[in-house]
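Chemist:
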Amino acid sequence: MSWAMRFHLPKTVEAIVTRRDVEGIDVACENGLTPLQWTIEQGETQIVRQLCTRDDVDVNRLNSAGQTPLYHAVQIADEKVKAIATTLLASPHVDVNYIHTDTHLSALLIATQSNCITLVQRLCERPDLNPNCKTKDGVSAFNIAVKEGWTAIVLELLSRRDIDTALASTADIDAIQEAFQKGYVDILRAILDKTNLGPALVNFLDISVDHDKYDVLELFISRDLGGAIHTHSHFSVDKLAPLLTIDSAVNLLLADLPIQVSGNTVVEQESNSKMWAKCLDARTPLPHNLRRNVVEVIINHATFNRCRKAAARKLALSTDEQGRIVLQITDASSRAFINEFLFFGGRYDISDPPIHISATAVVVSAYDHGLFKQVFDEHKSELDRLDRSAAVKCLASLGRPPETVAKMEGQFLADNAMNVSEAEFLIFCSQYFHETSAIAMKFMRHEVEYLREIKSRETLDSQFVVGMLPALTQAEFAAAASSSVVLPGGVAMADCPHVLVMPAADRSLEDIFLKEKLDDNKIRAMMHDIATALHHVHAQNMIHGDLKKLNVLRVNHRLQLTDMDAATMLGQSVGAKFSSGVLPPEMFYKLKDNNDMALYEAHWTSSRGTEAWRKLKPRGEGYVVRSWCEGSTSSLPFTLQKAAVALDAWAFGCMLYQLYSESELVPTDRSQDVEDEAIARAATWTDAELKTRIQRRVSNALARDLIESLLVVDPENRMNMTQVLGHAYFHVDAGTVNGIVLQKLEHLEQTLASGLQAVATRLDEVVDLSKETLNQVAKTKEDVLRGIFQATEVHAADVVCAFALQFTRSNAAS
1 MSWAMRFHLP KTVEAIVTRR DVEGIDVACE NGLTPLQWTI EQGETQIVRQ
51 LCTRDDVDVN RLNSAGQTPL YHAVQIADEK VKAIATTLLA SPHVDVNYIH
101 TDTHLSALLI ATQSNCITLV QRLCERPDLN PNCKTKDGVS AFNIAVKEGW
151 TAIVLELLSR RDIDTALAST ADIDAIQEAF QKGYVDILRA ILDKTNLGPA
201 LVNFLDISVD HDKYDVLELF ISRDLGGAIH THSHFSVDKL APLLTIDSAV
251 NLLLADLPIQ VSGNTVVEQE SNSKMWAKCL DARTPLPHNL RRNVVEVIIN
301 HATFNRCRKA AARKLALSTD EQGRIVLQIT DASSRAFINE FLFFGGRYDI
351 SDPPIHISAT AVVVSAYDHG LFKQVFDEHK SELDRLDRSA AVKCLASLGR
401 PPETVAKMEG QFLADNAMNV SEAEFLIFCS QYFHETSAIA MKFMRHEVEY
451 LREIKSRETL DSQFVVGMLP ALTQAEFAAA ASSSVVLPGG VAMADCPHVL
501 VMPAADRSLE DIFLKEKLDD NKIRAMMHDI ATALHHVHAQ NMIHGDLKKL
551 NVLRVNHRLQ LTDMDAATML GQSVGAKFSS GVLPPEMFYK LKDNNDMALY
601 EAHWTSSRGT EAWRKLKPRG EGYVVRSWCE GSTSSLPFTL QKAAVALDAW
651 AFGCMLYQLY SESELVPTDR SQDVEDEAIA RAATWTDAEL KTRIQRRVSN
701 ALARDLIESL LVVDPENRMN MTQVLGHAYF HVDAGTVNGI VLQKLEHLEQ
751 TLASGLQAVA TRLDEVVDLS KETLNQVAKT KEDVLRGIFQ ATEVHAADVV
801 CAFALQFTRS NAAS
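Quick note on UniProt numbering: the sequence shown kicks off at 1 and runs consecutively.
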């Protein structure tokens with residue numbers, strides 16, 4: 001056998017091995033190799049297999065280098081030789097755990113170092129394998145595979161239930177740190193899948209951030225093992241975003257929402273890092289459609305089962321680090337989902353009770369979350385961009401005064417001179433025009449009144465009459481209102497399907513009157529705004545028809561007219577809509593007999609039993625307003641009045657009278673309809689009675705004169721708005737006022753000067769007196785001490801008397 005091996009005669013060796021009668025076969029040759037080890041080096045797989053089956057061959061016999069056949073095969077670099085090791089492993093007698101005394105390596109450690117997955121697999125199939133053997137430095141095969149990034153070997157080792165993955169040694173920690181540092185995602189995923197190391201590995205996430213291995217970070221966040229990594233100083237949402245999945249995105253956001261649930265209440269979470277806003281920002285590079293899907297999952301999360309609507313609202317209206325509203329900076333798909341979930345018509349956020357309810361309309365305040373996008377869509381180019389001209393038109397259509405548009409134009413177009421995208425425009429609007437999305441919505445019952453108001457505004461300037469904002473079409477409003485939606489306060493939208501959308505006002509004149517301190521100058525300025533607005537309306541051959549404090553709003557620091565559904569062209573019949581408390585006497589009629597009553601009630605048959613009938617029904621001694629029902633064919637017992645500017649002039653006079661007298665001309669209800677007991681007075685005023693009332697209640701002479709020129713029974717004698725604006729009340733002599741002010745200032749200056757001089761004189765006197773007094777006291781002290789030293793025999797009582805006498809004389813002298 002040795003001879004055959006020495007001369008490399010494998011056929012001879014094979015012939016000898018197959019002979020069972022040959023003894024002493026397991027003898028080492030002169031180079032120290034046994035036949036088994038020699039055939040391993042020669043790559044003779046068949047001979048190795050035959051030798052392993054012989055009982056007289058020690059499969060674990062050491063060669064002169066202290067190596068077992070398996071160890072010898074594994075450590076040879078030749079792949080053919082290593083393949084023979086799998087043949088050796090078929091023998092149950094082969095020692096798979098032998099550790100070389102010099103190298104302190106086992107077959108598993110060598111196979112792992114060589115990244116020989118086939119051999120590692122065969123070794124791991126052996127139930128007697130110790131997978132946790134370590135080098136002299138305490139490094140295990142698992143450590144090696146993890147540190148080198150050999151995923152297949154890691155998976156194979158993890159298939160062993162007896163593998164030790166505990167982070168108990170420096171080698172363990174070094175290997176894991178290397179995996180995080182180099183981003184071995186598959187290995188870390190395998191460890192998370194096969195072990196319970198997840199919570200412990202969270203402590204290594206900082207390494208991934210520091211080395212920009214965000215795919216590792218995404219893996220852990222997807223397993224809800226992100227911890228507070230989003231608070232890391234170097235954490236970047238933009239780097240993580242492209243890698244996010246629905247699971248990791250949801251987990252990331254749930255860990256840092258701007259809200260929290262306390263009982264059934266949603267409250268703001270102050271300690272958050274704005275992750276929600278950043279992820280919802282359309283500029284954050286999330287995968288396609290992921291943002292919208294994440295929004296849906298978050299809003300429908302079990303956390304918000306009892307307060308889903310409130311939670312969605314707060315999430316939508318939360319802000320980013322620049323104060324921009326999430327709903328405005330997110331992408332179109334996400335915005336559409338939120339809008340449909342939260343808002344009327346998919347864009348109108350109505351949460352407060354109505355600010356006004358009447359028989360014909362309901363007015364609510366709201367936020368329009370589709371306004372900016374609609375404005376963009378109406379002015380964009382075919383390339384979905386805005387040039388300078390279109391951008392300026394967009395700003396103007398948002399209801400801003402011209403000077404504000406000019407100011408904002410400079411800010412808006414500074415960096416985007418000719419090419420503004422939808423996202424850029426929405427972000428800009430959210431940042432600079434937040435308050436513009438605050439609107440007023442007027443839900444109207446009757447189409448004819450709605451159409452009248454729409455038509456009346458066509459020729460009116462939004463500087464004087466509250467303008468209309470871009471909104472849904474009436475078909476879209478009707479579809480939204482047809483649902484079972486109920487406005488706050490219990491009013492069904494389906495009953496009021498006609499909707500006007502206008503800029504929100506600061507206050508109505510009614511609120512200003514009740515809540516603000518008014519003086520002559522403020523009243524004059526407000527009434528000048530109103531007179532100017534009426535003059536503009538009248539110049540369009542139209543009257544307002546229902547001028548009262550509730551229908552005057554302060555918008556952008558200027559009073560404007562609103563509620564134009566009673567507006568009527570000059571010469572047309574007036575009175576279809578009214579507030580009787582501000583109507584002139586010619587608008588009232590007293591029913592003469594039962595025939596009049598029958599005609600009147602027949603005309604209003606469709607309104608009997610409704611809320612409107614309360615203001616239409618005869619009151620007092622049969623007084624009614626000369627009103628009429630549009631569409632009714634039956635006659636009336638009176639002739640209708642024609643629209644004339646005198647009607648608005650009377651209402652203007654009533655308004656000015658109340659601002660100065662702080663009382664109404666006639667008592668009215670909350671809608672400013674005259675009370676039953678006062679309707680006769682409203683219908684039968686005389687000029688003398690009016691003058692007496694005005695003289696008694698209005699102290700400002702100019703205001704009194706103007707009111708007396710407006711509250712005149714004969715409409716032909718009432719001032720028009722041109723005359724009103726020219727009245728001395730609005731043109732107080734500035735020179736006279738300035739002279740009076742200067743005189744008062746001079747008098748005040750003289751008074752202050754004389755007062756200061758008197759104070760200075762007194763102070764000088766006090767100083768002089770104080771100096772003299774101190775001198776006298778010092779002289780008295782000297783006299784007393786001299787007396788004490790000169791007459792030491794004097795009794796104490798005598799000394800006191802002498803001191804008192806001397807002190808009294810000194811004071812008298814001073």
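Don't be surprised by glycine CBs; every beta carbon is placed ideally from N, CA and C.
As the structure is a prediction and not an experimental result, all values here were calculated from the model.
#1: For the alpha helix (DSSP H) that contains M444, what are its first and last residues?
#2: Of all the options R554, A438 and S627, which has the alpha carbon lying nearest to the alpha carbon of K590?
#3: State yes or no: is the C-beta of L711 within less than 7 Å of the C-beta of G653?
#4: In three-state DSSP terms, what is I325?
#5: Which residues in the same chain as E378 place their Cβ atom closer than 7 Å to its Cβ, once the five residues preceding and following it in sequence are excluded?
#6: State yes or no: is the C-beta of Q181 within less than 7 Å of the C-beta of H211?
#7: CB-CB under 8 Å to S273, same chain, minus the five flanking residues each way: which ones, in chain order?
#8: Going by other Cβ atoms of all chains shown within 10 Å of its Cβ, with 16 needed for buried, is A683 buried or exposed?
#9: Please report the distance separating the alpha-carbon of I355 from that of V362.
#10: Taking the alpha carbon of S634 as the reference point, which residue from H603, Q431 and P285 has its own alpha carbon closest?
#11: In this structure, how does DSSP classify L559 when only helix, strand and coil are distinguished?
#12: Using 8 Å as the threshold, is the region 561-574 in touch with the region 439-457, meaning 3 or more CB pairs across them?
#13: Considering only their Cβ atoms, is the gap separating A531 from V724 smaller than 7 Å?
#14: Quick check on this structure: which residue in A190, F235 and D186 has the alpha carbon closest to the alpha carbon of D206?
#15: At a cut-off of 6 Å, is L108 close to the ligand MG when judged by its beta-carbon and the heavy atoms of the ligand?
#16: Verify whether the separation of the beta carbon atoms of D673 and G581 is less than 7 Å.
#17: Name the DSSP beta bridge partners of H356, please?
#18: To the nearest angstrom, how far is it from the Cα of N521 to the Cα of N293?
#19: With contact counted as at least three CB pairs below 8 Å, one residue from each stretch, are the region 282-301 and the region 238-257 in contact?
#20: Which residues share a DSSP beta bridge with S106?
#21: Drop a sphere of 10 angstroms on the beta-carbon of P503, count the other beta-carbons inside from all chains shown, and report buried for 16 or more, exposed for fewer.
#22: Grab me the residues of L616's own chain with a C-beta within less than 8 Å of its C-beta, minus the 5 sequence neighbours each way, in chain order.
#23: Are at least three pairs of beta-carbons, each pair with one atom in the region 592-599 and one in the region 645-665, less than 8 Å apart?
#24: In or out: E611 buried (at least 16 other Cβ within 10 Å) or exposed?
#25: Please name the residue in K136, R160 and H100 whose C-alpha comes closest to that of R122.
#26: Are A175 and V146 closer than 7 Å when you measure CB to CB?
#27: Would the region 259-267 count as touching the region 238-245 if we require 3 or more Cβ pairs under 8 Å?
#28: Can you tell me which of I523, A396 and L553 puts its alpha carbon nearest to the alpha carbon of Q658?
#29: Per DSSP, V22 is paired with what?
#30: Counting along the chain, where does the alpha helix (DSSP H) carrying S334 start and finish?
#31: Return the CA-CA distance between I187 and S222, expressed in angstroms with no decimal places.
#32: Taking only runs of the beta strand (DSSP E) that begin and end inside the region 185-264, which ones reach a length of at least 3 residues, in chain order?
#33: Between H544, T34 and E708, which has its C-alpha nearest W685's C-alpha?
#34: Which residues in the same chain as K11 place their Cβ atom closer than 7 Å to its Cβ, once the five residues preceding and following it in sequence are excluded?
#35: Looking only at C-alpha atoms, which of S661, V574 and D676 sits nearest to G620?
#36: Can you tell me the Cβ-Cβ gap for Q328 and S430, rounded? I've got them flagged as a contact below 8 Å.
Modeler: With the given structure in hand:
#1: Where M444 is concerned, there is no enclosing alpha helix (DSSP H), although the beta strand (DSSP E) it sits in stretches over A438 to M444.
#2: Per the C-alpha coordinates, the member of R554, A438 and S627 positioned closest to K590 is S627.
#3: In contact: L711 and G653 (Cβ atoms closer than 7 Å).
#4: In the structure shown, the three-state DSSP call for I325 is strand.
#5: Hits under 7 Å: P470.
#6: Yes, they are a contact pair.
#7: Taken in chain order, the residues that qualify are H230, T231 and D256.
#8: The residue is buried, with at least 16 neighbouring Cβ atoms inside 10 Å.
#9: Distance between the alpha carbons of I355 and V362 is about 8 Å.
#10: It is H603.
#11: Of the three classes helix, strand and coil, the one that applies to L559 here is strand, per DSSP.
#12: Yes, since at least three Cβ pairs between the region 561-574 and the region 439-457 fall closer than 8 Å, the two stretches touch.
#13: Their beta carbons are under 7 Å apart, which means V724 touches A531 by this criterion.
#14: For D206, the nearest C-alpha among the options comes from F235.
#15: Absence of the ligand MG is noted for the structure shown, with no ligands found whatsoever.
#16: Their beta carbons are under 7 Å apart, which means D673 touches G581 by this criterion.
#17: Note: H356 sits in a beta bridge opposite V363.
#18: Using only the alpha carbons, I get a separation of about 58 Å.
#19: Touching, yes, given that three or more Cβ pairs across the two stretches are closer than 8 Å.
#20: I99.
#21: By the neighbour-count criterion, in which 16 or more other beta carbons inside 10 Å mark a residue as buried, P503 falls on the buried side.
#22: Within the same chain, L616 has close Cβ partners W604, S607, V624, V625 and S627.
#23: Short answer: they don't touch.
#24: With fewer than 16 other Cβ atoms within 10 Å, it is exposed.
#25: Ranking K136, R160 and H100 by Cα distance to R122 puts R160 first.
#26: Yes.
#27: The region 259-267 makes no contact with the region 238-245: fewer than 3 CB pairs, one atom from each, lie closer than 8 Å.
#28: Residue I523 holds the alpha-carbon nearest to the alpha-carbon of Q658 among I523, A396 and L553.
#29: The partner list for V22 (beta bridge, DSSP) is empty, contrary to what the question assumes.
#30: From DSSP, the alpha helix (DSSP H) with S334 extends over A332 to L342.
#31: Distance from the CA of I187 to the CA of S222, rounded to the nearest whole angstrom, comes to 16 Å.
#32: For the region 185-264, whole beta strand (DSSP E) runs of length 3 or above, ordered along the chain, are 259-262.
#33: Measuring from the Cα of W685, the nearest candidate turns out to be E708.
#34: Here the set comprises nothing.
#35: Comparing Cα-Cα distances from G620 to each of S661, V574 and D676, the minimum goes to D676.
#36: About 3 Å; that satisfies the 8 Å criterion.
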